[in-house]
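Colleague: I have a structure here, written as structure tokens, and I will follow up with some questions on it.
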Amino acid sequence: MSLTDGPYTGPPQPDVVDPSGGANQTRVRAYNERLVMSLVRRHGSLSKAEIARRSGLSAQTASVIMRSLEADGLLVRGAPVRGRVGQPSIPMRLNPDAVYSFGVKIGRRSADLVLMDFLGTIRLHLHQIHTYPLPEEIVSFIVGGIGKLEGQLGPGERGRIAGVGIATPFELWNWSEEVGAPREEMDRWRDFDLQAAVASRIRHPVFLQNDGTSACGAELAFGVGASYPDFVYFYIGSFIGGGVVINSALFSGRTGTAGAVGPLPVAGKDGKSTQLLKIASVFVLEKLLRERGIDPEPLWYSADDWIDFGEPLEIWIQDAAAALAQAVVSAVSVVDFSAAVIDGGFPPWVRARLLAATRKALQTLDLQGVTVPDLVEGTVGSHARAIGGASLPLFSRYLLDTNVLFKEL
1 MSLTDGPYTG
11 PPQPDVVDPS
21 GGANQTRVRA
31 YNERLVMSLV
41 RRHGSLSKAE
51 IARRSGLSAQ
61 TASVIMRSLE
71 ADGLLVRGAP
81 VRGRVGQPSI
91 PMRLNPDAVY
101 SFGVKIGRRS
111 ADLVLMDFLG
121 TIRLHLHQIH
131 TYPLPEEIVS
141 FIVGGIGKLE
151 GQLGPGERGR
161 IAGVGIATPF
171 ELWNWSEEVG
181 APREEMDRWR
191 DFDLQAAVAS
201 RIRHPVFLQN
211 DGTSACGAEL
221 AFGVGASYPD
231 FVYFYIGSFI
241 GGGVVINSAL
251 FSGRTGTAGA
261 VGPLPVAGKD
271 GKSTQLLKIA
281 SVFVLEKLLR
291 ERGIDPEPLW
301 YSADDWIDFG
311 EPLEIWIQDA
321 AAALAQAVVS
331 AVSVVDFSAA
341 VIDGGFPPWV
351 RARLLAATRK
361 ALQTLDLQGV
371 TVPDLVEGTV
381 GSHARAIGGA
391 SLPLFSRYLL
401 DTNVLFKEL
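All letters in the sequence shown, in the order written, are residues 1 to 409 by full-length UniProt numbering.
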């Protein structure tokens, strides 16, 4: 089996040999190494015996692989755990300093560049606000930012960078009117290959994914995914987006935009049908503030440091919650999700108020025949899109598809 063949649903087969020689064994060894690192990442730390049990590998094979990964600096030993009898077990965990990756979030009002370690922790961060994003300026921010952050690393650390993952809205030229961007300027994105433009100017491999899908992947890998095998995900940025998780695997769909959620039809306060994004997006709050003579710039300085804008914020929360409740019912009417997860580019206290209002709004809807899912807060937070982007090089090179991570083999 090749690593590009898709997820393997049975126990690995470390002793398979084909007539061509050792090529198949080499591929299986690489798969098993990824499986071991993925399981350790999923559970935090595991002993060799636990790895063998969860992976289906023989104890000897698990031991050989873990020794090799430790020698390569990818795994490190934890403190021995002593039981009642026998030798103490030694838990192994991922070395956070073994691998780094860059993650980029491109938004309609701001952009972020993060350097993330092997455990998903942001080590360095750059933030830029803009009136609207233009291709050349975004490329300059990414390329210049990578150079700036790499300048803060030692030679050994720079050599451990796996790549760059870019999380961006697809079709950036859409809805330019809503954010006050000139259509002719935003149309420059139509024929612009962002991935190729960045790759031509840096030495790292470059990956690209829809921003909502990236955020959903980050929540699956680093957030509530451990508790919910199926969930619909809403991420509220300048425009609302999202993703879908089924059987503990990210479902991106035919065009990579499954779970985009923004175009979902909902009823507004006037009873007329409109799109979810035209109610439950931060650009709507921005317009409310401008109408009341309040400077909306603090919305984009830092997603974690919003001020309480008072009445306009409360109006937006109540309106967004009413629309989100309708979207949740629509989603679970199609797929029996165990949870609906809501997160966004705002502080935890805003997220908590929005969740509480959405729960209340759900109770006002006709729920006959609907199994209401758990409504939960996302745990990754405002950097979910950048973290999801930074995860792309790590999964491509070191880890396995997430549907393997959550199986108890």
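Think of the CB as a built atom: it goes at the ideal place given N, C-alpha and C, for glycine as much as any other residue.
1. Does the count of Cβ pairs from the stretch 207-217 and the stretch 384-396 closer than 8 Å reach three?
2. What would DSSP say about residue 272, mapped onto helix, strand or coil?
3. Using only CA atoms, which one of 345, 158, 62 lies nearest to residue 280?
4. Go ahead and pull the three-state DSSP assignment for residue 23.
5. Going by other Cβ atoms of all chains shown within 10 Å of its Cβ, with 16 needed for buried, is residue 397 buried or exposed?
6. How many whole angstroms separate the CB atoms of residue 414 and residue 199, which I take to be in contact at a CB cut-off of 8 Å?
7. Pull up the DSSP beta-bridge partners for residue 87, would you.
8. Does the beta-carbon distance from residue 362 to residue 328 come in below 9 Å?
9. What is the residue span of the alpha helix (DSSP H) that residue 395 lies within?
10. What's the C-alpha gap between residue 142 and residue 193?
11. Might you give, ordered along the chain, the residues of its own chain that have their beta carbon closer than 6 Å to the beta carbon of residue 388, omitting 5 neighbours on each side?
12. My output table needs one value for residue 355: the three-state DSSP class, helix, strand or coil.
13. Less than 8 Å between the CB atoms is what I'm expecting for residue 61 and residue 32, so what's the real figure, rounded?
14. What residues match up with residue 265 in a beta bridge as DSSP calls it?
15. Going by DSSP, what residues sit across from residue 124 in a beta bridge?
16. Which residues does DSSP pair with residue 168 in a beta bridge?
Modeller: Let me spell this out:
1. In short, these stretches touch, since the Cβ pair count reaches three.
2. The answer is coil: DSSP assigns residue 272 none of H, G, I, E or B.
3. Of the listed residues, the one whose Cα sits closest to residue 280 is 345.
4. Interpretation of residue 23 is limited by its pLDDT of 49, a score under 50 that renders its predicted location unreliable; the figure taken from the coordinates is listed afterwards. Under the three-state reduction of DSSP, residue 23 is assigned to helix.
5. With fewer than 16 other beta carbons inside 10 angstroms of its own, residue 397 counts as exposed.
6. It is not possible to answer for residue 414, since the shown part of the chain is limited to 1 through 409.
7. For residue 87, which the question treats as bridged, DSSP gives no partner whatsoever.
8. Taking the C-beta atoms as reference points, residue 328 is found nearer than 9 Å to residue 362.
9. That run of the alpha helix (DSSP H) goes 384-397.
10. Put simply, the backbone Cα of residue 142 is about 14 Å away from that of residue 193.
11. If the five residues before and after residue 388 are omitted, its C-beta is found closer than 6 Å to the C-beta atoms of 167, 214, 215, 217, 218, all from its own chain and listed in chain order.
12. In this structure, residue 355 counts as helix in the three-state DSSP scheme.
13. The C-beta distance from residue 61 to residue 32 rounds to 7 Å, short enough to fall under 8 Å.
14. Beta-bridge analysis with DSSP links residue 265 to 275.
15. DSSP output for residue 124 lists 115 as bridge partner(s).
16. Looking at the DSSP output, residue 168 sits in a beta bridge with 210.
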